[in-house]
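Peer 1: Structure in structure tokens, see below.
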Amino acid sequence: ETQLKRLGYRAECVESGEAAVEAIDGAPFDLILMDRQMPGLDGLEATRLIRARERERGERRTPVVALTADALDSARRECLAAGMDDFLVKPVSGEDLAAIVTRWVNYASA
649 ETQLKRLGYR AECVESGEAA VEAIDGAPFD LILMDRQMPG LDGLEATRLI RARERERGER
709 RTPVVALTAD ALDSARRECL AAGMDDFLVK PVSGEDLAAI VTRWVNYASA
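Offset between the sequence shown (1-based) and this note's numbering: plus 648.
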């Protein structure tokens, strides 16, 4: 959250997958940074639910970027298969975060 604010973005942080799904239900977001492992509903299942709601409601697809400590290709494939659009390995540098946010926020607004 601090890195995003330093870059000039407004951020809303939640503690669980359930809270993430609930948060996007109330307001549009330009980008979702989703931790792969969270208490309760994990990031993969939360993303699947978000994608299902977008399809059901005919809403635009909000880019979802995975945040994970797992750098294996299998983790990346699993995230993409769940409906995530991109993948960042933690710890994330400010430079990498800025690049990914710029890429996907510009994509979402195009």
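From the three backbone atoms N, C-alpha and C, an ideal C-beta is built for every residue, glycine too.
Using the beta-carbon count (16 or more within 10 Å), is L720 buried or exposed?
Peer 2: Residue mapping note: residue 720 aligns to position 72 of the sequence shown, counting from 1. With fewer than 16 other Cβ atoms within 10 Å, it is exposed.
Peer 1: Quick one: which unbroken beta strand (DSSP E) runs of 3-plus residues sit fully inside the region 714-754? Chain order, please.
Peer 2: Those beta strand (DSSP E) runs which fall completely within the region 714-754 and span 3+ residues are 734-737.
Peer 1: With DSSP as the reference, label D673 as helix, strand or coil.
Peer 2: In the sequence shown, residue 673 corresponds to position 25, counting from 1. Helix, per DSSP.
Peer 1: Taking 8 Å as the limit between beta carbons, can you name the residues of its chain near L655, skipping five residues before and five after?
Peer 2: Counting from 1 along the sequence shown, the entry for residue 655 is found at position 7. Around L655: G742, L745, A746, V749.
Peer 1: Report the residue from N754, L679, A694 whose alpha carbon sits nearest the alpha carbon of R685.
Peer 2: Here residue 685 refers to the residue found at position 37 of the sequence shown. Looking at the sequence provided, one finds Gln at residue 685 rather than Arg. Q685 has its Cα closest to that of A694, out of N754, L679, A694.
Peer 1: Counting along the chain, where does the beta strand (DSSP E) carrying L681 start and finish?
Peer 2: Working through the sequence shown from its first residue, we reach residue 681 at position 33. Looking at the DSSP string, the run of the beta strand (DSSP E) that includes L681 is 680-683.
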